[in-house]
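Just below is one structure, and these are the notes that go with it.
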Amino acid sequence: MQTYDVAENGLRGLNAALQAQSDETNQTSWEVQNPKGSHAIAVGLDAPIEVTVKGSTGYYCAGMNQQATIRVEGSVGPGVAENMMSGTVVVEGDASQYAGATGHGGLLVIKGNASSRCGISMKGIDIVVHGNIGHMSAFMAQAGNLVVCGDAGDALGDSLYEARLFVRGSVKSLGADCIEKEIRPEHLELLADLLERAGANARPEEFKRYGSARQLYNFDVDNTAAY
Amino acid sequence: MCGIVGLFLKDRALEPELGSMLTDMLVTMTDRGPDSAGIAIYGAEADGAVKLTVQSDTPEADFATLAVDLGAAIGAEVTLRANSTHAVLELAGDKADQARQAVRELRPGLRVMSDGAAIEIYKEVGLPRDVADRFSLSAMSGSHGIGHTRMATESAVTTEGAHPFNTGSDQCLVHNGSLSNHNVLRRKLKREGVRVESMNDTEVGAAYLTWKMQNGSTLGEALESSLKDLDGFFTFVVGTKDGFGVVRDPIACKPAVMAETDKYVAFGSEYRALVNLPGIEDARVWEPEPATVYFWSH
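Which chain is which? The protein sequence lines are A and B, in order. Note that our numbering numbers the first sequence so that position 135 is 135, with each residue one more than the last. Heads up: take any position in the second sequence, counting from 1, add 1000, and you land on our numbering.
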């Protein structure tokens, strides 16, 4: 295993070393020490490596990830796994605002709570939050799945497109054009797979599904009040 | 952006360390706000006395005989403790208003940074490290304190535009964000007779809270009503003589992280401001909820 001490060797060196790994690397396992809330830890990776961050991080941890599995043994600041394309990011603690924003693929698991705007504009990413999420989550979410084992805050799924939202607990309020929908067998199957991959101790039958009412896709003057 | 830090000590044994802990937090937030920095520190209070912290661009000339001149003007004993561009004047509490007026007449170039029994405010333009060194902030002790690193958005980079703002005895406020209705509120507050000295939006926020409290609100109630009356984005951290409060607007896009142990409550715009605090590994760390008032007092 490779170890890298951010306090001693700096952040640029860390990202340069991680970004230099390729599909053929034999340095497949990395441990990042002393993150101390630094920004942009382990961003832009594109190799099937495993990175464990020993502590909490600042903004944009694991952004733009492809292929890599990044595990944070702490909490993360705003914008974790932003614009992820593939791979897996697991946060053992809490996540701040806009976790998984604009993600195109891969799996983001937050074992604690996520803050506001979780999954904003998600475009194919799967996000599983073991705890609660804050307000304006999945705003303008286009594709992918957001699974929340706890509660959701205000305006869930505002101006939603085709992303699927599953919430086990309460939803404080639904955003414009977001409605509750029936759970069909294919959704239970999808949920079971996501919950298992995320290590979440919950049963698919306990969730409610929310999605777009598809009234706001095209501009209609009768809908102006809903925007 | 702007960076905010705050530290409220529950364990009195840590009081001699307050300045050094806050300075470390403040300097860590430099890249959120390199324009100016300031710190409000609640230190030892003398019985029945008030401290006026004043600032001058020409401290040697202004401070030389200020204590004597001011003492003669208000007919009371005044002591002066100079610290770079700032000086702390200590005098009988019932002479505070008179002294503030007399200072204005005796030394028109002086600015009163704060008044109160416990509060002292030190702020200047420049990098947080330079500001902290200039005033030897790390050597200061106290029960609680608040700091700010500024990235100017709503008014000029000047000492008056630096935070914290003190608009009522022992009250202070720092702000990350921008208020969009500060001009209309400033006019309203001035009509109500509230003192607002700069064109800075944050000072209006501070003065608004002072005005509310002068009209019978508790700090908690004033903060609650600020959520309704202030338009814009804000994370506020406020200090009172024995208290420390936090509130974020309902949209809550300005960052905030809090940590609490049995020894302290700490606030930072980012987690990395808190990483060197003792026992942070085992602290309860959380993000304050939008439109929710948090407050601690001794």
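C-beta: ideal position from N, C-alpha, C; glycine also. This structure is a prediction, so every number in the text was calculated from the model and none was measured.
Closer than 7 Å, Cβ to Cβ, to anything on chain B: give me those residues from the region 26 to 39 of chain A, in chain order. Lys36, Gly37 and Ser38
With Arg168 (chain A) as the anchor, note down where its beta strand (DSSP E) starts and where it stops. Arg168 (chain A) -> no beta strand (DSSP E), and no H or E assigned at all.
Strand pairing of Ser212 (chain A), partner residues [DSSP]: A:Cys178
When DSSP labels each residue in this structure, what does Ala202 (chain A) get in the three-state scheme? coil
Arg1284 (chain B) CB to nearest chain A CB: under 9 Å? no
Closest Cα partner of Arg1107 (chain B) within the set B:Ala1087, B:Ala1252 and B:Met1021: B:Ala1087
Under 9 Å by beta carbon: chain A residues contacting Ala1252 (chain B): Gln97, Ser115, Ser116, Gly134 and His135
Would Gly1116 (chain B) pass as a contact of Ser1198 (chain B) if the rule is Cβ separation under 9 Å? no
Within 8 Å, do at least three Cβ pairs link the region 150 to 169 of chain A to the region 128 to 142 of chain A? Cβ pair count under 8 Å is three or more, so yes.
Given Arg1081 (chain B), which residues of its chain have a CB within under 6 Å of its CB, disregarding the five upstream and five downstream residues? Val1088
Buried or exposed: Val1246 (chain B), going by 16 or more other Cβ atoms within 10 Å of its Cβ? Counting Cβ neighbours within 10 Å, Val1246 (chain B) comes out buried, since at least 16 surround it.
How many angstroms separate the CA atom of Tyr60 (chain A) from the CA atom of Ala81 (chain A)? 7 Å
Could you tell me whether any Cβ in chain A is nearer than 9 Å to the Cβ of Tyr1271 (chain B)? Closer than 9 Å: yes.
Boundaries (first-last residue) of the beta strand (DSSP E) holding Ser1225 (chain B): No beta strand (DSSP E) contains Ser1225 (chain B), which is instead part of the alpha helix (DSSP H) from Leu1219 to Asp1229.
Let me confirm a value: Met84 (chain A) is counted as buried when at least 16 other C-beta atoms fall within 10 Å, else exposed. Which label applies? buried
Do Ser115 (chain A) and Ala99 (chain A) have their CB atoms nearer than 9 Å? yes
Could you tell me whether the region 1259 to 1273 of chain B touches the region 1001 to 1009 of chain B, where touching means 3 or more Cβ pairs closer than 8 Å? Contact holds: three or more Cβ-Cβ distances are below 8 Å.
For Glu1260 (chain B), name the three-state secondary structure that DSSP assigns. strand
Ala78 (chain A) touches chain B at which residues, Cβ-Cβ below 7 Å? For the sequence presented, residue 78 (chain A) should be read as Pro rather than Ala. In chain order: Pro1255.
Touch test, the region 144 to 155 of chain A against the region 195 to 202 of chain A, Cβ-Cβ under 8 Å, three pairs minimum: Three or more beta-carbon pairs drawn from the region 144 to 155 of chain A and the region 195 to 202 of chain A are found closer than 8 Å, and the two stretches are therefore classed as touching.
Chain B contact residues for Ser22 (chain A), given Cβ-Cβ distances below 9 Å: Within chain B, no C-beta atom comes less than 9 Å from the C-beta of Ser22 (chain A); the nearest is roughly 31 Å away.
Beta-carbon of Glu1015 (chain B) versus every beta-carbon of chain A: anything under 9 Å? no
Short-range partners of chain B found in the region 46 to 68 of chain A, where Cβ spacing is below 7 Å: Ser56 and Gly58
Below 8 Å on the Cβ atoms is my guess for Lys1190 (chain B) versus Val1196 (chain B); work out the distance and round it to an integer in Å. About 6 Å; that satisfies the 8 Å criterion.
Taking only the alpha-carbon atoms, compute the straight-line gap between Thr28 (chain A) and Met1 (chain A) and give it to the nearest angstrom. One alpha carbon belongs to Thr28 (chain A), the other to Met1 (chain A), and they sit about 7 Å apart.
Range covered by the alpha helix (DSSP H) that runs through Ala1152 (chain B): Taken as a continuous stretch (DSSP letters only), Ala1152 (chain B) belongs to no alpha helix (DSSP H), as it is neither H nor E.
Identify the residues that DSSP records as bridge partners of Phe956 (chain B): which are they? The structure shown does not extend to residue 956 (chain B), since chain B spans only 1001 to 1298, so no value can be given for it.
With respect to the beta strand (DSSP E) encompassing Gly1251 (chain B), which residues constitute its N-terminal and C-terminal limits? In the sequence on display, residue 1251 (chain B) carries Ile and not Gly. Ile1251 (chain B) -> no beta strand (DSSP E), and no H or E assigned at all.
Could you confirm whether any beta carbon from chain A is found closer than 9 Å to the beta carbon of Val1078 (chain B)? no
Mapping the DSSP letters down to three states, classify Met1113 (chain B) as helix, strand or coil. Note: Met1113 (chain B) maps to strand in three-state DSSP.
6 Å Cβ shell around Glu1154 (chain B) - same chain, five flanking residues per side excluded: Ser1178 and Asp1201
Uninterrupted alpha helix (DSSP H) stretches inside the region 1002 to 1039 of chain B (no shorter than 4 residues): Fully enclosed alpha helix (DSSP H) runs of 4 or longer: 1018 to 1028.
For Leu1127 (chain B), does the three-state DSSP call read helix, strand or coil? coil
Taking 9 Å as the cut-off, decide whether the C-beta atoms of Ala95 (chain A) and Ala68 (chain A) are in contact. no
If you reduce the DSSP assignment to three classes, tell me which class Tyr1122 (chain B) lands in. strand
Would you call the region 1143 to 1157 of chain B in contact with the region 206 to 213 of chain A, where contact means no fewer than 3 C-beta pairs closer than 8 Å? no
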